[in-house]
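Chemist: I have a structure here, written as structure tokens, and I will follow up with some questions on it.
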Amino acid sequence: MTGMSGEIDYGNLMHDAMRGLIRSVMERVAQDGLPGEHHFFITVDTQHPDMQMADWLRDRYPEEITLVVQHWFENLVVDPNGFAITLNFGNAPEPLYIPFDAISTFVDPSVEFGLRFELQHDDADEDFDDDDDDEAPMIEDAERVERSADVVSLDQFRK
Numbered sequence: 001m002t003g004m005s006g007e008i009d010y011g012n013l014m015h016d017a018m019r020g021l022i023r024s025v026m027e028r029v030a031q032d033g034l035p036g037e038h039h040f041f042i043t044v045d046t047q048h049p050d051m052q053m054a055d056w057l058r059d060r061y062p063e064e065i066t067l068v069v070q071h072w073f074e075n076l077v078v079d080p081n082g083f084a085i086t087l088n089f090g091n092a093p094e095p096l097y098i099p100f101d102a103i104s105t106f107v108d109p110s111v112e113f114g115l116r117f118e119l120q121h122d123d124a125d126e127d128f129d130d131d132d133d134d135e136a137p138m139i140e141d142a143e144r145v146e147r148s149a150d151v152v153s154l155d156q157f158r159k
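Each step along the sequence shown adds one to the number in UniProt numbering, with nothing skipped, and position 29 is 29.
Laid out in structure tokens, this is it:
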């Protein structure tokens, strides 16, 4: 992770470390299930070349999708580059493959933990603040969303 100039690329090293943290969490969940009240909102770039999802889902969410991993999921398998999981969309189980580098946000609201990544193809500077105020509407609406389709689009919460 050092360039030709000999500089240390702290940004990429930090992203790799945070993705390693997500990998460790998902490996633990794959082995032992979700403990206590833990659950995840995972926003993913649906245009990532290694993202695998049903065509109808990609048509509905052409840029990004926020997945809710909580009450019902199965077939969670983690590999070094990402994870496979089957989630329920309107009573239709759908298998997905999520590359770790397609994840833009990973939030566990049960413990107020969240990570945000700047994806490489993003030109716009996302306004990042450490207090996660912009996540609050998503968390408040989580109950309604989980009952409907276990998916929430973040577009409705953006300023």
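Idealized CB from N, CA, C, for every residue including glycine.
Would you kindly report the start and end of the unbroken beta strand (DSSP E) that includes residue 42?
Modeler: Element bounds for residue 42: 40–45.
Chemist: Could you give the distance in angstroms between the alpha-carbon of residue 53 and the alpha-carbon of residue 89?
Modeler: C-alpha separation (whole angstroms): 12 angstroms.
Chemist: Where DSSP assigns a beta bridge to residue 98, which residues make up the other side?
Modeler: The partner list for residue 98 (beta bridge, DSSP) reads 83.
Chemist: Cβ atoms of residue 39 and residue 108: under 8 angstroms apart, would you say?
Modeler: Cβ distance < 8 angstroms, so residue 108 and residue 39 count as in contact.
Chemist: Mapping the DSSP letters down to three states, classify residue 27 as helix, strand or coil.
Modeler: Residue 27: helix per DSSP, three-state reduction.
Chemist: With H, G and I counted as helix, E and B as strand and the rest as coil, what does DSSP make of residue 6?
Modeler: Coil, per DSSP.
Chemist: Cβ atoms of residue 63 and residue 44: under 8 angstroms apart, would you say?
Modeler: The answer is no: Cβ separation not under 8 angstroms.
Chemist: DSSP three-state call for residue 91: helix, strand or coil?
Modeler: If DSSP states are grouped into helix, strand and coil, residue 91 belongs with coil.
Chemist: Should residue 86 and residue 99 be called a contact, given that it needs their Cβ atoms to be closer than 8 angstroms?
Modeler: No. Outside cutoff.
Chemist: Between residue 34 and residue 6, what straight-line distance do the alpha-carbon atoms span, to the nearest angstrom?
Modeler: When rounded, the distance between both Cα atoms is 42 angstroms.
Chemist: Taking the alpha carbon of residue 26 as the reference point, which residue from 114, 117, 78 has its own alpha carbon closest?
Modeler: Considering only alpha carbons, the answer is 78.
Chemist: Please classify residue 102 as buried or exposed, where buried requires at least 16 other C-beta atoms within 10 Å of its C-beta.
Modeler: Flag for residue 102 reads buried.
Chemist: Measure the alpha-carbon distance for residue 24 versus residue 9 and round it to whole angstroms.
Modeler: Rounded to the nearest angstrom, the two C-alpha atoms are 23 angstroms apart.
Chemist: Going by beta-carbon coordinates alone, are residue 104 and residue 117 separated by less than 8 angstroms?
Modeler: Contact flag set, yes.
Chemist: Rounding to the nearest angstrom, what Cα-Cα distance links residue 110 and residue 37 in this structure?
Modeler: Rounded to the nearest angstrom, the two C-alpha atoms are 6 angstroms apart.
Chemist: Can you tell me the Cα-Cα spacing of residue 84 and residue 68, whole angstroms?
Modeler: In a straight line, the C-alpha of residue 84 is about 14 angstroms away from that of residue 68.
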